[in-house]
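Enquirer: Let me begin by handing over the structure; questions about it come next.
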Amino acid sequence: MKNKLNFGIIALALIALSSCSNDQVSTPQFKASTTITGETLSGSVKGTMESGKTYYFNSKVTINANDTLVMQSGVKLLATNPAAELIVKGVFISLGTKENPNWITGKDAYLNPANYKLTTLQDPNTDPALKPDGKLWGGIQCEATCSLLDIKWTHLDFAGGTADDLNADQGYKSGDDLFNIKFGNPDGILILEDSWVYGSTTDAVRANGGKIHIMRNTVEKVAYNDGDCFNVKNSSIGDMAYNLIIGTAKGGTKASNKGTYGSVQTEINMYNNTYVSGGFRSVDPDRGANANIEQGAKGKVYNNLFVNCRTGLRILENPAADFANCFYGNNLSYGDTAAIVNEFYPTTHATTPQPTDLPLPSSFLPVGYVNGAVYNAPQLVGQNNPKFVNFPLPVPVIANLTLYNFQGNYDFHLAADSPAIGKGNASFTAVNATASLTNQYLKATVTPPNVDLGAFPKNGLGNLHN
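Positions -23 to -1, 1 to 443 (mature numbering (1 follows the signal peptide of the UniProt record, and there is no 0)) are the ones given, in order, by the sequence shown.
Printed below as a string of structure tokens:
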């Protein structure tokens, strides 16, 4: 598969000098074999969407097997109908940059952001990003033949909706909720880095197998009442790191070996993430964890910040995770209510308190504590504040705690006196499952673990979003 990916698909593309008067871009750009000339995509598409240009779509658009669609930097792909959807049987590449990010969203949301991206506390029933209806496009739905989905510095806003009969080849039944991104090739590569996800119907990313690299993203307001942020199943291997995940309905990062999508045991490292206000909209009271390792999966969970989330790190006991190969610690938990702090170690589950955790487990757990037992530690409320540069902790009004589900003008970098500085474990390495992809424009940028907890370490090498 390595040679096929590097020399088969990539041979369809070349490096060209591209310019666009709109953004005065004149830098080398990755370019597929043809250039898309019209401004509206429909039917089957392949080729290059040129830097700085705006394109539209209003129905299902298909990238056929062995075809490639490339978005160069500064491209906007705007949906004019909620039925708009990207069906990927081949390869889809979005190469935004920090200076010129890409956008895939609804046309009206792009033109009128203040009406959609709310920066005040909002009832989920009326929030455009969360209310059950109102999604603006159907997401990126990959079939098992998709060998590469590569998304960098791209805004993926207001995706989701409901599957129809034409989504059967992506593994949906008619009436199912659509994921923002659905991937399902155990031998394929999924890269999502330095990007933004805002709003969804259910999971932001669901992978039924694949080589996974999910790093340095900002994800806000995932799902109304049933959806995780990054959720992978059997035969998924890789890393989820340096993500800011705020306001999920259920979990933040989740790995399970459930299913029979391939022959590889799921292994995911989840490190240096910042999770805020997660789990409170879940209809299942047991599904509110920040990070989850579930049925038969293994991995490492270190250096994370869990802030005002419904439950803590969840190591599932039934069906059991691969306990012998689950390693975790050096995570900081903060809560503004007794209900939150009493679930730092979730009841009924198999998470083992670690002496490197903050707060120190032996300082509040009763003598003889066993994994999953009920405990009571009201003294932890408001303690171990991670001291973000700009975010209200403790929250001013506890009744509004769950509504802090957006980044807005908040700044989740660590203040100079944060207790999260220097408390991490940097002695392990990333899985780096996508290492076979070596093209300089397409390859993943892997950020190793950092001793500063959360997505924004003091050396500036983590999440690069403002």
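All residues carry an ideal CB built from backbone N, CA and C; glycine is no exception.
In this text the structure is predicted, and so the values were computed from the model without any measurement.
1) Under the three-state reduction of DSSP, which class applies to Asn108: helix, strand or coil?
2) Go to Ile317, then tell me how far its alpha helix (DSSP H) extends in each direction, as first and last residue.
3) DSSP three-state label for Asn35, please.
4) Classify Glu320: buried if its beta carbon has 16 or more other beta carbons within 10 angstroms, exposed otherwise.
5) Count the CB pairs spanning the segment 258 to 268 and the segment 191 to 211 that are closer than 8 Å, and state whether there are at least three.
6) Assuming Thr82 contacts Leu113 (C-beta within less than 8 Å), just tell me the rounded distance between them.
7) What did DSSP end up calling Leu126 once you bin it into helix, strand or coil?
8) Spatial neighbours of Asp153 within its chain, please: CB distance less than 8 Å, with the 5 preceding and 5 following residues excluded, ordered by chain position.
9) In whole angstroms, give me the CA-to-CA distance for Val351 and Thr329.
10) Taking the C-alpha atoms as reference points, what is the distance between Asn307 and Ala42?
11) With DSSP as the reference, label Asn302 as helix, strand or coil.
12) Roughly how many angstroms separate the alpha carbons of Gly161 and Asn386, rounded to a whole number?
13) Apply the 10 Å Cβ neighbour rule to Val344 and answer buried if 16 or more other Cβ atoms are within range, or exposed otherwise.
14) Is Ala300 buried or exposed, if buried means 16 or more other CB atoms sit within 10 Å of its CB?
15) Taking contact to mean 3 or more Cβ pairs, one atom from each stretch, closer than 8 Å, check whether the segment 366 to 381 and the segment 171 to 189 are in contact.
16) With a cut-off of 8 Å on the beta carbons, I'd call Asn194 and Ser172 a contact; round off their distance for me.
17) Assess, as a yes-or-no matter, whether the segment 48 to 58 is touched by the segment 68 to 82 under the definition of 3 or more beta carbon pairs within less than 8 Å.
18) Do you know offhand how far Asn362's Cα is from Asn409's?
19) Can you tell me the Cα-Cα spacing of Ala407 and Pro369, whole angstroms?
20) At a cut of 8 Å, does the segment 262 to 278 reach the segment 288 to 300 through at least three beta carbon pairs?
Expert: Put simply:
1) Here residue 108 turns out to be Lys, not Asn, going by the sequence shown. Per DSSP, reduced to three states, the secondary structure at Lys108 is coil, with no helix or strand assignment.
2) Ala315 to Val318
3) strand
4) buried
5) A contact exists between the segment 258 to 268 and the segment 191 to 211.
6) 6 Å
7) Leu126 falls in the strand class under three-state DSSP.
8) Thr139, Ala140 and Asn144
9) For Val351 and Thr329, the gap between their C-alpha atoms comes out near 13 Å.
10) 44 Å
11) helix
12) 36 Å
13) exposed
14) Going by the sequence as given, residue 300 is Phe instead of Ala. Classification of Phe300: exposed, given that the 10 Å Cβ count is below 16.
15) Because the criterion of three Cβ pairs below 8 Å is not met, the segment 366 to 381 and the segment 171 to 189 do not touch.
16) 5 Å
17) yes
18) 32 Å
19) 32 Å
20) yes
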